[in-house]
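Here is the structure we will look at.
Protein chains: 2
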Amino acid sequence: MNRRVTLASRPNGMPKESDFALEEAPDPEPGAGEVLVRNRFLSVDPYQRGRMSEARSYAQPLQIGDVITSQSVGEVAATNDPRFAAGDWVVGQTGWQELAAARAGTLRKIDSKLAPPTTALHVLGGTGLTAYFGLFDIGEPVAGDTVVVSAAAGAVGQIVGQLSKIAGCRAVGIAGGEEKKRSLLEEFGYDAAIDYKNEDVAAALKAACRDGVNVYFDNVGGEVSDAVQRRLALHARIVICGQVSQYNNAKPELAPRMTNLLVVYRARMEGFLITDYADRFGEALPRLAAWLREGKLHYREDIVEGIEKAPRAFIGMLNGENRGKAIVAV
Amino acid sequence: MNRRVTLASRPNGMPKESDFALEEAPDPEPGAGEVLVRNRFLSVDPYQRGRMSEARSYAQPLQIGDVITSQSVGEVAATNDPRFAAGDWVVGQTGWQELAAARAGTLRKIDSKLAPPTTALHVLGGTGLTAYFGLFDIGEPVAGDTVVVSAAAGAVGQIVGQLSKIAGCRAVGIAGGEEKKRSLLEEFGYDAAIDYKNEDVAAALKAACRDGVNVYFDNVGGEVSDAVQRRLALHARIVICGQVSQYNNAKPELAPRMTNLLVVYRARMEGFLITDYADRFGEALPRLAAWLREGKLHYREDIVEGIEKAPRAFIGMLNGENRGKAIVAV
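Protein chains in written order, with numbering that gives the first Met the number 0: chain S, 0 to 329; chain E, 0 to 329.
This is the structure we're talking about:
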């Protein structure tokens with residue numbers, strides 16, 4: 000039987016484990032043009048919270064009883080498409096389940112000799128691509144710029160800081176807690192780091208960004224982002240990647256209107272979705288792989304064992320408890 | 000003696016006439032390289048409110064006793080620069096005063112045979128240039144787009160709607176009151192108009208923008224802009240020209256956080272200042288003049304007589320009482 004994690008009820012605020020169900024279903028049969036994938040690693044990402052709400056967003060919401068959508072890495076168990084062979088490692092949007100039948104065109108083969116297969120879930124996959132296109136395409140950093148990153152120790156933030164350094168910029172990371180702050184400086188090459196839980200963010204930003212913030216890569220929103228917006232440099236670019244501080248609010252948080260700062264600083268704020276860049280992944284992945292090989296990109300994984308632990312890992316990630324890319328080993 | 004309007008006290012919220020003083024000072028003497036201008040028309044614009052506050056912004060705040068800064072149109076009374084002759088009509092940042100000594104390089108000669116000199120204060124001057132660069136450079140409209148404009152009957156908004164039509168777009172204007180709404184449809188060529196004071200803005204936007212809003216040219220901010228942001232089309236551009244609904248707030252208004260909508264719609268929000276485009280005015284002014292000659296641009300002026308009326312005209316404009324570009328005839 001195929002074990003899978005489904006949505007049991009729509010979370011109200013922060014999800015609870017009881018919002019999820021572990022179910023068993025008959026093994027799926029791959030149809031014409033489909034591939035049967037035995038998932039080995041499941042990805043745990045903030046965007047999944049949005050799919051659990053009914054609210055209109057960029058993707059259809061999950062229905063109660065649906066398997067939780069996710070990127071997963073697995074091995075081909077059977078195939079009705081000649082491009083794949085049994086034993087191939089693949090990555091695709093195959094969800095939190097042990098076995099998935101997926102259309103061949105939605106899967107990407109990965110070279111497990113080049114890098115561990117789990118990297119297809121982060122530095123050589125979704126979070127790496129998100130960091131790459133968000134920073135370079137929307138943020139348009141120029142060598143010498145100061146790039147500030149929120150949730151800088153998170154799966155995307157780690158990479159954004161390192162890509163900023165590769166691009167000749169100064170990287171300033173914001174994260175919660177002394178341990179994360181240290182990892183920004185020691186593991187991920189940030190030039191300066193701010194612990195928003197224990198420091199005055201406005202004062203720390205002022206000290207770390209003497210000439211203002213040229214690029215702000217925002218994963219969190221909320222008051223941390225308000226503080227960064229007050230320190231922009233002229234013609235700053237604000238990349239809206241996520242707003243994880245807001246995802247669990249049943250009603251939008253009230254905050255001071257600051258739009259006029261965009262005029263004061265002639266600044267641009269822009270949202271993006273990595274799925275819009277699908278036809279350019281082939282540009283980014285070889286570069287990310289090369290930087291990884293050259294030792295210019297470091298990563299950290301936070302792997303828990305057992306598909307039944309996925310809901311707990313997801314809740315922990317929303318609480319900032321993970322210490323690297325959150326992954327579930329099946 | 001030179002009559003002039005100065006800042007008597009910093010306004011607290013909506014300005015009062017007592018925040019201004021009408022003073023007399025000795026006639027200024029033009030120095031080397033300067034031109035003495037006898038002002039005939041003074042401009043009244045929302046941005047002046049910002050200069051009266053102490054808060055950090057893109058320009059130095061006025062000090063108590065300073066002449067109110069403004070664009071003004073006048074005739075050259077005396078000149079120490081060979082590029083100007085007595086009797087020339089000029090426009091420059093010469094303030095709310097009868098006589099001004101200005102550096103020659105800060106003045107622009109205007110051809111009063113081409114169009115009335117007052118047009119240098121709007122359609123062939125600041126507001127026309129603001130509409131042109133804000134719409135075309137930041138908004139990047141594509142023929143067929145729906146362009147929504149707030150404060151659409153205001154000095155900038157009138158022109159944005161007409162430029163949108165010239166660019167092959169559908170123009171939807173938002174203004175306050177039945178009379179302004181009518182002028183949008185009958186005078187300024189808007190395809191649809193919304194009276195935010197008497198209509199449900201969200202419902203009216205839904206009806207007027209079936210395929211969403213591709214470009215939002217925002218002059219007001221506040222709840223009107225919140226409603227527009229909920230109706231964006233994918234990859235929408237939000238041009239932040241002004242936030243006049245917020246200028247008189249002693250403290251920032253609290254509002255629901257909506258930044259995540261920029262991700263949902265992959266939208267861009269960008270502020271701009273017309274002064275940054277000074278080296279491109281020569282591109283825009285001949286085009287605006289040609290469209291004016293061809294009857295493609297209409298304008299309305301709201302001229303009050305007497306420099307002593309300038310504070311009253313300014314307060315009226317902030318209250319939305321003007322019915323065209325607010326101008327004071329000296």
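Note that the Cβ used here is the ideal one computed from N, Cα and C, for glycine as well.
Note that the coordinates shown come from a computational prediction; the quantities given were computed from them, not determined experimentally.
Close beta carbons around residue i, own chain, < 6 Å, minus the five adjacent residues each side
i	result
V159 (chain S)	A130, L134, V148, F216
V238 (chain S)	G133, I137, G138, F216
F313 (chain S)	V43
D18 (chain S)	A7, S8, P10
S224 (chain E)	D217
K324 (chain S)	H121, A154, E300
A170 (chain S)	V146, G160, S163, K164, Y189, D190
E23 (chain S)	M0, R2
Contact set between residue i and chain S, taken where Cβ atoms lie within less than 8 Å
i	result
M316 (chain E)	Correct list: empty, because the minimum Cβ distance to chain S is about 18 Å.
Y189 (chain E)	Ordered by position in chain S, no residue passes the 8 Å Cβ test against Y189 (chain E), which lies about 24 Å from the chain.
Three-state class that DSSP yields for residue i in the structure shown
i	result
K295 (chain S)	coil
T126 (chain S)	helix
L6 (chain E)	strand
V155 (chain E)	helix
N259 (chain E)	helix
D278 (chain E)	helix
M268 (chain E)	strand
D194 (chain E)	strand
D217 (chain E)	strand
F83 (chain E)	coil
K179 (chain E)	helix
S71 (chain S)	strand
K324 (chain E)	strand
L21 (chain S)	strand
F132 (chain E)	helix
D225 (chain E)	helix
E53 (chain S)	coil
Short Cβ contact (8 Å threshold) for residue i with residue j
i	j	result
V66 (chain E)	R2 (chain E)	no
V331 (chain S)	M316 (chain S)	Examination of residue 331 (chain S) is not possible in this model, given that chain S is present from 0 through 329 alone.
R265 (chain E)	F271 (chain S)	yes
G333 (chain S)	Y246 (chain S)	Any question about residue 333 (chain S) goes unanswered here, given that chain S covers just 0 to 329.
S326 (chain S)	I302 (chain S)	Sequence inspection shows Ile at residue 326 (chain S); the Ser mentioned does not correspond to that position. Taking 8 Å as the Cβ cut-off, I326 (chain S) and I302 (chain S) qualify as a contacting pair.
G124 (chain S)	Q70 (chain S)	yes
A192 (chain E)	L184 (chain E)	yes
T126 (chain S)	V90 (chain S)	no
D87 (chain S)	G32 (chain S)	no
A232 (chain S)	N259 (chain S)	no
V72 (chain S)	L120 (chain S)	yes
S244 (chain S)	V219 (chain S)	yes
A85 (chain E)	A77 (chain E)	yes
M268 (chain E)	L253 (chain S)	no
V329 (chain E)	R82 (chain E)	no
K164 (chain S)	G188 (chain S)	yes
N197 (chain E)	E178 (chain E)	no
P251 (chain E)	R181 (chain S)	no
A249 (chain E)	G64 (chain E)	no
G241 (chain S)	P45 (chain S)	yes
L128 (chain S)	A283 (chain S)	yes
Neighbouring residues, chain E, relative to residue i (Cβ below 9 Å)
i	result
E252 (chain S)	P255, R256
G220 (chain S)	R256, T258, N259
Chain-order list of residues whose beta-carbon lies under 7 Å from that of residue i (same chain, five-residue window excluded)
i	result
E186 (chain E)	H297, R299
T105 (chain E)	G91, Q92
Under 7 Å from the C-beta of residue i: neighbouring residues of chain E
i	result
G153 (chain S)	The premise fails here: G153 (chain S) is roughly 16 Å from chain E at the closest Cβ pair, so nothing lies under 7 Å.
S56 (chain S)	V263
Interface partners of residue i on chain E, CB under 8 Å
i	result
L261 (chain S)	I239, M268, E269, G270
Q242 (chain S)	R256, T258, N259, V262
Any non-hydrogen atom of the ligand SAM closer than 7 Å to residue i Cβ
i	result
S52 (chain E)	In the structure on display, the ligand SAM does not appear, and there are no ligands present to speak of.
Close beta carbons around residue i, own chain, < 8 Å, minus the five adjacent residues each side
i	result
P27 (chain E)	N1, L35, L98, A99, A100
K205 (chain S)	R230
P310 (chain E)	V4, P14, E16, D18, F19
Chain S contact residues for residue i, given Cβ-Cβ distances below 9 Å
i	result
Q245 (chain E)	R256, T258, N259
Cβ of residue i within 8 Å of any chain C Cβ
i	result
G175 (chain E)	In the structure shown, chain C cannot be found, because the protein chains are S and E.
Partners in chain S for residue i, counting only beta-carbon separations shorter than 7 Å
i	result
D275 (chain E)	R265
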